[in-house]
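Once you know that position 68 of the sequence shown is 77 in this note's numbering, the rest is easy, because the numbers rise by one and skip nothing.
Using N, Cα and C, we set each Cβ at its ideal position, and we do this for glycine too.
Here the structure is a predicted model, which is why all the values come from computation and not from measurement.
The block underneath contains the structure these notes are about, expressed in C-alpha cells.
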Amino acid sequence: MGSCKISKGWSKKLDLIKRLLSLNEEQKSIIFGSLLGDGTMWLGKGGINTNFKIEHGLKQKELVFWKYEKLKNFVFTEPKISFRYTSDGTKYPKSWWFRTVRHPDLTKIYKLFYSGEGYKTGHKIVPKNSFLERYLNPEALAVWIMDDGSFNKKIIDISTYCFSLEDIKRLQIFLRDKFLINPNFYRDRDKGYRMYFNQKDTSTLIQIISPYFINSMRYKIGFATL
C-alpha cells in the first residue's frame, strides 16, 4: 500500500513539473538538428504525447552529455550506457543514450517529422520549408552534421539515408536559398542517398557551423581537437 501511495504521489508531482516545462528556442533547434540526424521520437499506441531519444556510440559520449546538458530540464535520468550481447551471451557496452519526458512541446515537433505513414512506421520526413526556415539555423545545422556528417578530402558529406529523394531535394533548395551553399547528392548503393558539398561550399559551411561544434566532434569539419 505504501509503495502504491508513493507512486501516485510521484505521478502527480511529475505531471506538475511537466506542465511547468517549455522548450526554449535553442532546445528546439537542437532537437530539430538531431531529428535530421540520429535523434528519434516515438508515439506509442494510444499515446497522447511523445518523448525524444538521443543515442550515440561510445566515442560520442561528449556529444550525448552536451545534448543532455542543453535539454536537462526535460530529462529526469542522466545518460546511461546501453549494453548488447554477443552470440555466446557475453555482455558488452554499445552506446550512450538518454530519453526526455513526454511533453506537448515535443509532440508539436514530432508532428513535423512523422506525418502520414510516419505515424505508424516511425519513418522520418523532412519538415516543410516554413519550419525549416524557423528551426534549421546554424546551431541546428551544426548538430545535424555532428550527428551524421563526415569530412574527407576537404569536403563534408552527410548521411541522409533515412530521407526520400524528394526530402533531400527540399533540403538542397533550402540550404542554397538560406545559407548560400549548394549541396549535391548521390546514391550510395542500396543504402539510400548521401548529401555532399564541394570544397568551396564546405569552407563556407564550416564558417557557419564551427562556433557550435564541441571539441570532440571537430574532426567532422577537418579540425583537430583542442
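Spatial neighbours of residue i in its chain, beta-carbon cut-off 8 Å, leaving aside the 5 residues before and after
i, result
"N146", "S38"
"M226", "Q69, E71, L72 and M155"
"S124", "I134"
"Y205", "I164, I165, D166, I167, P192, N193, F194 and Y195"
"Y170", "D197, K200, G201, Y202 and R203"
"E87", "Y77 and F107"
Beta-carbon contacts of residue i that lie in its chain and below 7 Å, excluding the five residues immediately before and after
i, result
"I154", "I165, I167, I218 and K229"
"I26", "none"
"N207", "I164"
"N191", "R185 and D210"
"L45", "W153"
"Y101", "F92, R93 and T95"
"L30", "N82, F83 and H112"
"L150", "G42, I217 and I218"
"D114", "S31 and L32"
Contact under 7 Å by Cβ, residue i with residue j
i, j, result
"F63", "K76", "Note on identity: in this sequence residue 63 is Ile, with Phe being the wrong assignment. Cβ distance < 7 Å, so I63 and K76 count as in contact."
"F188", "L141", "no"
"W105", "K70", "yes"
"T234", "N224", "yes"
"T59", "Y119", "yes"
"S135", "L67", "The sequence shown places Val at residue 135, not Ser. For V135 and L67, no; Cβs fall outside 7 Å."
"G98", "F160", "no"
Contacts around residue i, its chain only, beta-carbon distance under 6 Å, and the 5 residues preceding and following it disregarded
i, result
"E148", "S38 and Y221"
"D47", "D156"
"I215", "I230"
"L52", "T59"
"K79", "I39"
Cβ distance (whole Å) where residue i is taken to contact residue j below 8 Å
i, j, result
"P61", "M50", "This sequence places Phe at residue 61; Pro is not what is there. That pair is a contact at about 5 Å."
"T109", "V84", "5 Å"
"F122", "K133", "5 Å"
Heavy atom of the ligand MN within 6 Å of residue i beta-carbon
i, result
"G98", "Absence of the ligand MN from the depicted structure is noted, as is the absence of any ligand whatsoever, leaving it without description."
Exercise. What are the uninterrupted segments assigned as alpha helix (DSSP H) that are 4 or more residues long and contained completely in the region 22-63, given in chain order?
Worked result: 34-45
3 or more residues per run - each beta strand (DSSP E) lying fully within the region 177-206: 193-197 and 201-205
Three-pair Cβ contact test at 8 Å for the region 186-205 versus the region 169-178:
yes
Output the residue ranges of the beta strand (DSSP E) runs that lie fully inside the region 123-170 and measure 3 residues or longer, sorted by chain position. 158-161 and 164-168
Cβ contact (3+ pairs, closer than 8 Å) linking the region 29-47 and the region 90-102
no
| Contiguous alpha helix (DSSP H) assignments of at least 4 residues, all confined to the region 102-126 | 113-122
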